[in-house]
Amino acid sequence: MSAAGITITPITPAIGAEISGVDLGAPLDEATFTGIHNALTEHQVLFFRDQDISVEAHKALGVRFGELVAHPNDPGLEGHPEVMIIHADENSKRVAGEAWHSDVSCSEEPPMGSILRMFTVPPHGGDTLFSSMYAAYDALSEQMKSYLGGLSALHDGGPYYRSVNAMLGRDDRGRTYPATEHPVIRTHPVSGRKALYVNSLFTQRILGIPRGESDAMLDFLFAHVQNPQFQCRFQWEQHSIAFWDNRCTQHYAVWDYFPEVRSGYRVTVKGDRPRA
Ligand code: SIN
0 MSAAGITITP ITPAIGAEIS GVDLGAPLDE ATFTGIHNAL TEHQVLFFRD QDISVEAHKA
60 LGVRFGELVA HPNDPGLEGH PEVMIIHADE NSKRVAGEAW HSDVSCSEEP PMGSILRMFT
120 VPPHGGDTLF SSMYAAYDAL SEQMKSYLGG LSALHDGGPY YRSVNAMLGR DDRGRTYPAT
180 EHPVIRTHPV SGRKALYVNS LFTQRILGIP RGESDAMLDF LFAHVQNPQF QCRFQWEQHS
240 IAFWDNRCTQ HYAVWDYFPE VRSGYRVTVK GDRPRA
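Residue 29 in numbering that gives the first Met the number 0 is what sits at position 30 of the sequence shown, and the numbering runs on without skipping anything.
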């Protein structure tokens, strides 16, 4: 139990904690905000149960942690462009996030966090997996840490977002998408810990090394982040909320429930420019 009266139950040694004793539908007092912020810093992704909160309260929760940002390829909920709709049903051709990634890492200032509330869940399945990029970094050899520590990589939203648009029949001619360079190893601005920062949705290549070496290194790193030792797995219930730190985690939404329905809303909190 923390000073704010919230209970923090870790999920695995590497990542994740379930938080109880807090109503996210009400404004967070200073002690509760600090308790949640500290728990996020330590556990990287937090899970809350039974949070049947309004869209306004969801947005207000996000704003408590920073400015909200709209998604570069998703129109959002009508009247609330900062609220991304996560939805799959029997007509879906794809689902959001079905690959290991950190949200919108192609942005110059990628999101610090994402807060997802699920209001319709399938009878079974539809879990989300989270992987700690601190654990992924820590598990590398000292030689590999030193090699990757001097490198940057190109993160480009175009290839992924255009493939999504093609699948959904959306015309994106004339649209441009964010693309930028980030360090392969970033230092978290709050914890000061180092985290691996490349992901399979957005990272196109490591810069300043031969193409073949970059491809081989990215293949290795994309496989490395999938180590179960770095992970936790969240089973959603109706009105569960997950709040993850995009600066030090990746996640993967498992689409094993077709043709069942799974729906939720996500808000995304602005972050800062990653530094090595
Ligand atoms: C995402 O934000 O990448 C989707 C996560 C999920 O649906 O579990």
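Glycine included, each C-beta is placed from N, C-alpha and C at the ideal position.
query = Taking 6 Å as the cut-off, is the CB of I35 close to at least one heavy atom of ligand 1?
reply = no
query = Do E89 and P258 have their C-beta atoms within less than 7 Å of each other?
reply = yes
- Message: Is it buried or exposed, K193, if we count other Cβ atoms within 10 angstroms and call 16 or more buried?
- Response: buried
### Task
May I ask you to report which of helix, strand or coil DSSP gives L39?
helix
Exercise. Label R274 either buried or exposed according to how many other C-beta atoms from any shown protein chain fall within 10 Å of its C-beta, with 16 as the threshold for buried.
Key: exposed
*asked:* Please classify P182 as buried or exposed, where buried requires at least 16 other C-beta atoms within 10 Å of its C-beta.
replied: buried
(Q) Can you look up V201 in the DSSP assignment and give me helix, strand or coil? (A) A quick correction: the sequence has Phe, not Val, at residue 201. DSSP places F201 in coil when its eight states are reduced to three.
So, using beta-carbon positions, are V68 and T267 closer together than 7 Å?
yes
* Taking only heavy atoms of ligand 1 into account, decide whether any of them is closer than 6 Å to the Cβ of A98. => no
Going by the C-beta, is L10 closer than 6 Å to any heavy atom of ligand 1?
-> Leu is not the amino acid found at residue 10; the sequence shown has Ile there. Every heavy atom of ligand 1 is 6 Å or more from the Cβ of I10, so no.
Point to revise | Chain-order list of residues whose beta-carbon lies under 8 Å from that of Y176 (same chain, five-residue window excluded) | key: P71, N72, C105, D155, G156, G157, Y160 and R161
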